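Numbering-wise (the numbering used here), the sequence shown opens with residue -17 and increments by one. Ideal placement from N, C-alpha and C gives every residue a C-beta, glycine not left out. Remember, it's a predicted structure, so these values are computed and weren't measured experimentally.
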Amino acid sequence: MLKGQLPNTGRDLEAHPGSPPTNNGQGPEKSPVLPLNLPAQISNEDPQAKATPFTPKPPTRPRLERALSLDEKAWRRRRFRTSQEDLAARSGASPSRGSLQDEVPRPPTHTDSPPCLSTSLQEIPTSRRAQGSAGGSPSSWGHCLSGMIGSSLDLLHRDGALAGSPSRLPAVGQKVASSSLRSADRVDLVQTDCKPRLQSRLFRAHSSLGPGRPPSPLACDAKSSFSLLAPIRAKDVRSRSYLEGSLLASGALMGAEELARYFPDRNMALFVATWNMQGQKELPPNLDELLLPAEADYAQDLYVVGVQEGCSDRREWETRLQETLGPRYVTLYSAAHGALYMSVLIRRDLIWFCSEVESSTVTTRIVSHIKTKGALGVSFTFFGTSFLFITSHFTSGDGKVSERLLDYSRTVQGLALPRSVPDTSPFRSDAADVTTRFDGVFWFGDFNFRLSGGRVAVEAILKQDLGEKVSALLQHDQLTQEMKKGSIFRGFQEPDIHFLPSYKFDIGKDSYDTTSKQRTPSYTDRVMYRSRHKGDICPIKYSSCPGIKTSDHRPVYGLFRVKVRPGRDNIPLAAGKFDRELYLIGIKRRISKEIQRQQALKNQHSSTICTVS
């Protein structure tokens, strides 16, 4: 009966007031049977007749969970005999399709109903109209019952063979059995209203067997294991398409279909930060203000942090970054050029869509082994969008504007990127400018451009209101003036500045330089961006971290939304590579700090002493 035929629900659901469910004495049942506590029909002649003492009344709308099989459409195309047709066939009559006929109740018969039918129906509500209805009109419970039975067809063929003993549904009232069951191919308003609500609670089981195949040993119970992965049909795997791996293929790793799963709006959240550490060995006790600013409700998808005059222990700095972001992020790449450091951290889920990461360096001036002026560039492709991140440390000095312009020219000509990763738009690239070879370019660092006019004039402006003094200070900014001339950062933009100058502070204080040199406060630390396609990069936040005071520079960061385009699978992929050792160290530190925190709280509570005077 399980092979291509609906269970004989017409006989199993006939009226038999008060009959308890049994297993027919053939051994224990393999699955629980759903009790249907429906009251028997109350006779008008006996006013003392009452229903069962306890009758639960769940909501009228069906609540169920079922396993969504891959052959659901095939099952729904199959034509099954309805219970009414089955009863008519046994009696020799031929009822018309879709008609509802009241039959004379018979004693309940013991039929083999698949156990999966009872496990897939979580709750069947009691009809409120069946108790007092005398006309035999269909109730909402009856309309939804056949829909729920039809929803369980995809489990009948899978679990039926595993049923070691027959099971049956409990008997229900006469009104329900005779007037509520309808044909499976009849569509009414109640069924169409239930379907959208049921679709939102569908889950897919591991089994993908057809109706005529035996159950798979890997197919577990529908309620015990689920998969969030999209189903893959065998016929799609067998097909050999010449578009496989291309931009137009459905199923390409870097294609539009995969991109839509992770970024439906094709916008990625990007964090870019720059900080001149001044070579200090001491690191801030907490980096939350830098990496997890209070203005951002959510963490970003990609973090890129550039450091100039970094601390002597570079590994410790990278560990602190990993520890702060936690196990949901991995260090995709890290590089160094003298005292220039760059770390790229990405969400663990997105590591498979990155190409190989390449880097290049340019040395503009060697001050010492530690304080090296130059640039460090890191590039890779994410889906179909290529990125270039450059952190630089230009020549210092109030009047050395020309030297800084020369540092910029050497950098754009000297960075040899990309190498093995192909250019996404080679016809738009310029061999003399590395920033034209990528879709999105972010250039950040200590550019050392100062505020002209002297210390006294700048301090007078700093005494004004915040909004007024920032615009007044930028009128004296050397970098803003050079960008207007077109002599530096051609094609680049900078988010609007709404923070105070990030240089130069007394270490550990909020006051600007009080030493004998009396350096002028300036916006030396900046973040610039350039997009090959107009409107692809949108700045969200651009600010500094006044709470981090271990250096004479304040860190500066920017939050961006970047449009990502689908790509092709012909690029060299990173294949999920990341710094696993750093990842494990960061997790261990988070655990150890949490244990120390809990121990400190425990000691604090246990050391409380009450004194009575």
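DSSP links R347 through a beta bridge to K355.
Contact between the region 562 to 578 and the region 435 to 448 is not established, with fewer than three Cβ pairs separated by less than 8 angstroms. Check the Cα spacing between F364 and each of E385, D405 and R386: the tightest is with D405.
With contacts defined as CB atoms closer than 8 angstroms, L433 and T502 qualify as a contacting pair. Listed as beta-bridge partners of E476 by DSSP are no residues whatsoever. The criterion of a C-beta distance shorter than 8 angstroms is satisfied by D459 and F431. Inclusion of Y524 and I470 in the CB contact set at 8 angstroms is not warranted, their separation being larger than that value. Taking a 10 Å sphere around the C-beta of F409, we find fewer than 16 other C-beta atoms and assign the residue as exposed.
Taking a contact to require three or more Cβ pairs closer than 8 angstroms, the region 285 to 301 and the region 244 to 264 qualify as touching. G359 and Q580 have their C-alpha atoms spaced approximately 42 angstroms apart. A straight line joining the alpha-carbon of A321 with that of T354 spans about 6 angstroms.
The region 540 to 549 and the region 230 to 245 touch, with no fewer than 3 CB-CB distances between them shorter than 8 angstroms. Residues T462 and I479 of the same chain have their beta carbon placed closer than 7 angstroms to that of L456, with the five preceding and five following residues left out of the count.
The C-beta distance from G468 to R512 rounds to 14 angstroms, too long to meet the 8 angstroms contact threshold.
Taking a contact as a CB-CB distance under 8 angstroms, the pair D389 and F369 does not count as one, their CB atoms being some 22 angstroms apart.
Scanning R296, C336 and R329 for the CA closest to the CA of M236 turns up C336. The Cβ atoms of F426 and M510 sit closer than 8 angstroms to each other. A distance of 8 angstroms or more separates the beta carbons of E240 and P554.
The region 266 to 275 and the region 298 to 308 touch, with no fewer than 3 CB-CB distances between them shorter than 8 angstroms. S337 is bridged by DSSP to L555. As for any alpha helix (DSSP H) of minimum length 4 sitting wholly inside the region 217 to 271, the runs are 238 to 244, ordered along the chain. Taking the Cβ atoms as the reference, M250 lies roughly 5 angstroms from D283, within the contact range of under 8 angstroms. Judged by DSSP in its simplified three-state form, A317 adopts strand. Residue S484 holds the alpha-carbon nearest to the alpha-carbon of V452 among P537, L583 and S484. The C-alpha of L314 lies about 28 angstroms from the C-alpha of K531. Where R392 is concerned, the enclosing alpha helix (DSSP H) starts and stops at V383 to G396. With 16 or more other Cβ atoms inside 10 Å of its own Cβ, N258 counts as buried.
Looking only at D428, R297 and C520, the smallest Cα-Cα distance to P537 is reached by D428. Per DSSP, I567 lies in no beta strand (DSSP E); the unbroken alpha helix (DSSP H) holding it starts and ends at R562 to S588.
Around the beta carbon of Y280, fewer than 16 other beta carbons sit within 10 angstroms, so the residue counts as exposed. Excluding residues up to 5 positions away in sequence, A317 and V360 lie with their Cβ nearer than 6 angstroms to the Cβ of S341 in the same chain.
Within the model, the alpha-carbon separation for T343 versus R392 is close to 11 angstroms.
Burial of L541 is indicated by the presence of at least 16 other C-beta atoms within 10 angstroms of its C-beta. Less than 8 angstroms divides the Cβ of P477 from the Cβ of P521.
Of all alpha-carbon atoms in I573, S526, G558 and K559, the one lying nearest the alpha-carbon of F253 is that of S526. Around the beta carbon of R550, 16 or more other beta carbons sit within 10 angstroms, so the residue counts as buried.
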